[in-house]
Structure formats: structure tokens, C-alpha cells
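Participant: I have a structure I would like to understand better, so I am pasting it below and will then ask my questions one at a time.
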Amino acid sequence: MSTNLIPFLEMNGSANEAIALYEKALDAKVVYKLRLGDVPKNPESPLPPEKEDLISYAILKIGDAELQISDLVTGSNYHKGTQITLVVQTPDKDKAVQYFEALKEGGQVNEPLQASFFSPAYGNVTDKFGVTFRILTKGRQ
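Heads up: the sequence shown begins at 18 in the numbering used here, then just goes up one per residue.
Put into C-alpha cells, the structure is as follows:
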């Protein structure tokens, strides 16, 4: 498996609606969808029932391309028109560290590179040009 560059859309509560549109308009196929109500629970920060159907993470295939989408769950501020980030996905944790360290020079770390329930190394960084990247090592911790 090689490193991939994948567009990522972060919506403000409308990811389900966007997915439905892309299925119809672009013949997109949903290959994975995880609702907020299905992620591991944090007892210190319970999820309100009205947010359970929001999308934590989804993958759509459009032809040979992949599109990732979620509702705003990272705690960042939503600004319409700036919700597109790029995912750099690699099977190599050392490469993820290399990419993250290089992109953070002169930029801003939004989420430190660390293990999560869905990846051995995941982080979010905005480079010095204002482009936001999600660095992701494929696989589970």
C-alpha cells in the first residue's frame, strides 16, 4: 500500500445530506460510515441525543477516487468555503511522523500526532500557507 492524498470535507451538521447528494449527483458509493452515536463513549463528555446521527467519519468512492466526509467533530470553528482539508494516508507510522513534522514548520498544530482508536498515528496540522492536512497512519492502534 502506498501513501495517498485524499480530499476531506468537514460539514456543519449536513454530512448525511451531502452524502445523499453525492450518491445521486456523482454516483458515489458509501464504503464506510460511522455515526457519532457509534464511536467509543466519553463518560466525562456525554453526547446529546440529537447529535447521535451526525457523521463522525465516512468514506465515499467516486469512480477510482476516494472522498472522506464528516460533520464538525474536531472542535475547530466552521467557516463555509474552508471546510476542505487534505488527508495524507500512509501505512508507515514513521512516514506519518516525517510528514507531520515537516508540515508543522512555520505552521500550526491543530491536533498533535498521536495514537487514536482508529489509527496508530493521527494528527491535524495547518501548514505555513494555510492548507490544513490530516496525517493518518492506516490501521488501528
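Ideal placement from N, C-alpha and C gives every residue a C-beta, glycine not left out.
Find the nearest neighbour of glycine 124 within the set Asn141, Leu43, Leu51, judged by alpha-carbon distance.
Facilitator: Asn141
Participant: Pick helix, strand or coil for asparagine 33, following the three-state DSSP scheme.
Facilitator: helix
Participant: With 16 as the cutoff for other CB atoms within 10 Å, does isoleucine 101 come out buried or exposed?
Facilitator: Looking at its Cβ environment, which holds fewer than 16 other Cβ atoms inside 10 Å, isoleucine 101 is exposed.
Participant: So the beta strand (DSSP E) aspartate 55 belongs to, where does it begin and stop?
Facilitator: For aspartate 55, no beta strand (DSSP E) run applies, since DSSP gives it neither H nor E.
Participant: Could you have a look at proline 66 and say whether DSSP puts it in helix, strand or coil?
Facilitator: Note: proline 66 maps to helix in three-state DSSP.
Participant: Grab me the residues of tyrosine 116's own chain with a C-beta within less than 6 Å of its C-beta, minus the 5 sequence neighbours each way, in chain order.
Facilitator: Val105, Ile152
Participant: Pull up the CB-CB distance for serine 87 and glutamate 27, whole angstroms please, since I reckon it's below 8 Å.
Facilitator: 6 Å
Participant: First and last residue of the alpha helix (DSSP H) that includes leucine 103?
Facilitator: That residue, leucine 103, is in no alpha helix (DSSP H); its beta strand (DSSP E) goes 101-107.
Participant: Rounding to the nearest angstrom, what Cα-Cα distance links tyrosine 49 and alanine 75 in this structure?
Facilitator: Approximately 5 Å between the Cα atoms of the pair.
Participant: Run through DSSP, which three-state label would phenylalanine 117 get?
Facilitator: helix
Participant: What are the boundary residues of the beta strand (DSSP E) that includes proline 137?
Facilitator: Unbroken beta strand (DSSP E) run through proline 137: 136-143.
Participant: If you reduce the DSSP assignment to three classes, tell me which class glutamate 40 lands in.
Facilitator: Secondary structure at glutamate 40: helix, using DSSP grouped into helix, strand and coil.
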